[in-house]
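For reference, the structure discussed in these notes is given below.
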Amino acid sequence: MTQNADCARKPTKPLIISSAVVRKSHRQTTNRACGGTLTEPDGTIATPDYLATYPHGIRCAWTVLVQPGNLIRLTFTQYCGRSVPPSMTSGGNTLMLYFVTNRNVASEGFSVNYISLNASTGMINISISILV
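Take a look at the structure:
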């Protein structure tokens with residue numbers, strides 16, 4: 001699933017979503033401030049300095065990679081001071097989220113939670129550790 005978040009300008013089209021199964025290819029951002037590969041079954045992704053104004057001229061790329069046979073559901077909790085997009089579910093076990101800003105406009109950014117779902121049952125996969 002590829003998701004572009006552009007908070008610097010008002011979207012003129014619906015959010016673009018696509019998906020694919022990734023084998024062993026991991027793409028990480030070269031920007032130290034944001035991005036990376038996430039392999040936990042659930043987590044949160046946020047723009048740099050979330051809740052404050054994000055920096056100008058940044059490029060972030062996050063890859064969420066869960067176990068084969070699972071899907072990923074995104075639920076935005078904040079979206080650049082605008083209406084939060086609806087929840088989205090990938091069509092495979094990987095999702096890429098890109099965030100690119102210009103040098104002119106900045107906003108408060110976004111925060112999105114992700115969870116891993118079993119592709120067959122739609123049940124949420126969670127990991128619980130019990131110390132004995």
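Throughout the sequence shown, residue numbering follows UniProt numbering, covering 1 to 132 in sequence.
Beta carbons are placed, not taken as given, at the ideal position from N, Cα and C, and that holds for glycine.
For clarity, every value in this text was computed on a predicted model and none was experimentally measured.
(message) Starting from residue 103, trace the beta strand (DSSP E) in both directions and tell me its first and last residue.
(response) The residue labelled residue 103 in the question sits at position 103 within the sequence shown. Run containing residue 103: none; DSSP gives neither H nor E here.
(message) So, does the segment 39–50 touch the segment 58–67, judging by three or more C-beta pairs under 8 Å?
(response) yes
(request) May I ask you to report which of helix, strand or coil DSSP gives residue 59? (result) Along the sequence shown, read from residue 1 onward, the residue named residue 59 stands at position 59. DSSP places residue 59 in strand when its eight states are reduced to three.
(message) Using the Cβ count rule (16 or more neighbours within 10 Å means buried), how would you classify residue 87?
(response) Here the question's residue 87 lines up with position 87 in the sequence shown. Its Cβ having fewer than 16 others within 10 Å, residue 87 is exposed.
(request) Alpha carbon to alpha carbon, how far is residue 59 from residue 94? Give it in angstroms, no decimals. (result) Position 94 of the sequence shown, counted from the first residue, corresponds to residue 94. Position 59 of the sequence shown, counted from the first residue, corresponds to residue 59. Roughly 20 Å between the two C-alpha positions.
(request) Quick one: grab the DSSP three-state call for residue 46. (result) Position 46 of the sequence shown, counted from the first residue, corresponds to residue 46. Here residue 46 carries a strand assignment [DSSP, helix/strand/coil].
(request) Determine the DSSP secondary structure at residue 51, reduced to helix, strand or coil. (result) As a first step, residue 51 must be located in the sequence shown, where it is residue number 51. Residue state, collapsed to three classes: coil.
(request) Thinking residue 80 and residue 110 are a contact (beta carbons under 8 Å), I'd like their distance in whole angstroms, please. (result) Within the sequence shown, numbered from 1, the residue matching residue 80 stands at position 80. Within the sequence shown, numbered from 1, the residue matching residue 110 stands at position 110. Going by Cβ atoms, the distance from residue 80 to residue 110 rounds to 6 Å, so yes, they are a contact pair.
(message) Applying the 10 Å Cβ sphere with the 16-neighbour rule, what's the burial state of residue 57?
(response) Numbered from 1 along the sequence shown, position 57 holds the residue referred to as residue 57. Result: exposed.
(message) My output table needs one value for residue 90: the three-state DSSP class, helix, strand or coil.
(response) For this step, residue 90 is matched to residue 90 along the sequence shown. In this structure, residue 90 counts as coil in the three-state DSSP scheme.
(request) Return the CA-CA distance between residue 84 and residue 51, expressed in angstroms with no decimal places. (result) Counted from its first residue, the sequence shown places residue 84 at position 84. Counted from its first residue, the sequence shown places residue 51 at position 51. So the two alpha carbons sit approximately 15 Å from each other.
(message) Could you tell me the alpha carbon to alpha carbon distance between residue 96 and residue 103, rounded to whole angstroms?
(response) Walking along the sequence shown from the start, residue 96 turns up at place 96. Walking along the sequence shown from the start, residue 103 turns up at place 103. Each residue's alpha carbon lies about 23 Å from the other.
(message) Excluding the 5 residues flanking residue 78 on each side, which residues of the same chain have their C-beta closer than 6 Å to its C-beta?
(response) Numbered from 1 along the sequence shown, position 78 holds the residue referred to as residue 78. Counting only Cβ-Cβ distances below 6 Å, and skipping sequence neighbours, we find 110, 111.
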